[in-house]
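Asker: For the sequence shown, the positions run 1 to 154 when UniProt numbering is used.
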Amino acid sequence: MSRDSKFPPKTAGVSTETLHVSTVAIDGRAVLIEGPSGAGKSDLALRLIDRGAVLVSDDYTILIRNGETLLATAPVTIAGKIEVRGIGIVPMEHVERVPAALVVRLAGGFDRMPLERMERKIAGIAIPEITLDAHENAAPIKVELALRRIIAPA
């Protein structure tokens, strides 16, 4: 047996990354919510879920690149669970392997009218990115508008 036959062949175009993001699915497209601890990732995810989104993963998300597609899924240990501050870990309906469509970076003090379209490369695939304040009342609406306006329909 040759040395090479001991190891499975690498599949071209398949790779994974785990990111510190909460992820929800809106109309079959994954929205990755990124920010430091306490920035409002889970809170924004809950407000989007209240508007019809479905949980993919809270706090950490695995991104799987398969060819030119990037799929978001939950680590097995936290699948179907979300942290609700003041209440604890709550079980919740969730979906698996949703195509990534948008990165929402949570921050204060950002441009009101961005001059150019922003993108984030994850596992070598460019994903559109917006920046907003999770604590704004309109934050969930802005995420939905970004999916409709910036992102081509699924």
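For every residue, glycine included, the Cβ atom is placed at its ideal position computed from N, Cα and C.
Is R65 closer than 8 angstroms to G124 when the C-beta atoms are compared?
Answerer: Mapped onto the sequence shown, residue 124 falls at position 124. Mapped onto the sequence shown, residue 65 falls at position 65. Their beta carbons are under 8 angstroms apart, which means G124 touches R65 by this criterion.
Asker: Which residue or residues does DSSP assign as beta-bridge partners of P91?
Answerer: In the sequence shown, counting from the first residue as 1, residue 91 sits at position 91. Its beta-bridge partners are K81.
Asker: Might you give, ordered along the chain, the residues of its own chain that have their beta carbon closer than 8 angstroms to the beta carbon of F7, omitting 5 neighbours on each side?
Answerer: Counting from one through the sequence shown, the residue named residue 7 turns up at place 7. With a pLDDT of only 37 at F7, under the threshold of 50, the placement of this residue in the model should not be trusted; the figure read from the coordinates follows. The answer is none, since no qualifying residue turns up.
Asker: Is it the case that the Cβ atoms of L106 and I49 are separated by a distance below 8 angstroms?
Answerer: One-based indexing of the sequence shown puts residue 106 at position 106. One-based indexing of the sequence shown puts residue 49 at position 49. No, Cβ-Cβ distance for L106 and I49 is not below 8 angstroms.
Asker: Thinking just about the alpha-carbon of each residue, which of V98, I87, G67 is nearest to the one in T73?
Answerer: Locating residue 73 in the sequence shown gives position 73, where the first residue counts as 1. In this structure, V98 is the residue among V98, I87, G67 with its C-alpha nearest to the C-alpha of T73.
Asker: Helix, strand or coil for I33, going by three-state DSSP, please let me know.
Answerer: Taking the first residue of the sequence shown as position 1, residue 33 is located at position 33. It is a strand residue.
Asker: Measure from the alpha carbon of T69 to the alpha carbon of each residue in E83, G52, K41, I127, then state which is nearest.
Answerer: Here the question's residue 69 lines up with position 69 in the sequence shown. It is I127 whose Cα lies nearest to the Cα of T69.
Asker: If you follow the alpha helix (DSSP H) that V98 is part of, which residue opens it and which one closes it?
Answerer: Counting from one through the sequence shown, the residue named residue 98 turns up at place 98. Element bounds for V98: not the alpha helix (DSSP H) but the beta strand (DSSP E), 98 to 106.
Asker: Return the chain-ordered list of same chain residues with a C-beta closer than 6 angstroms to the C-beta of K142, the five sequence neighbours on each side being excluded.
Answerer: On the sequence shown, position 142 is the one that residue 142 refers to. Taking K142 as the centre and dropping the five residues before and after it, the same chain places the C-beta of L132 closer than 6 angstroms to its C-beta, in chain order.
Asker: Determine the DSSP secondary structure at R65, reduced to helix, strand or coil.
Answerer: For this step, residue 65 is matched to residue 65 along the sequence shown. Here R65 carries a strand assignment [DSSP, helix/strand/coil].
Asker: Going along the chain, which residues of its own chain have a beta-carbon closer than 8 angstroms to the beta-carbon of H20, five neighbours each way excluded?
Answerer: Sequence index remark: in the sequence shown, residue 20 carries index 20 (1-based). E34, D59, Y60, listed in sequence order.
Asker: Could you pull the DSSP bridge partners for V24 from this structure?
Answerer: As a working note, residue 24 is residue 24 in the sequence shown. Per DSSP, the beta-bridge partners of V24 are V31, L55.
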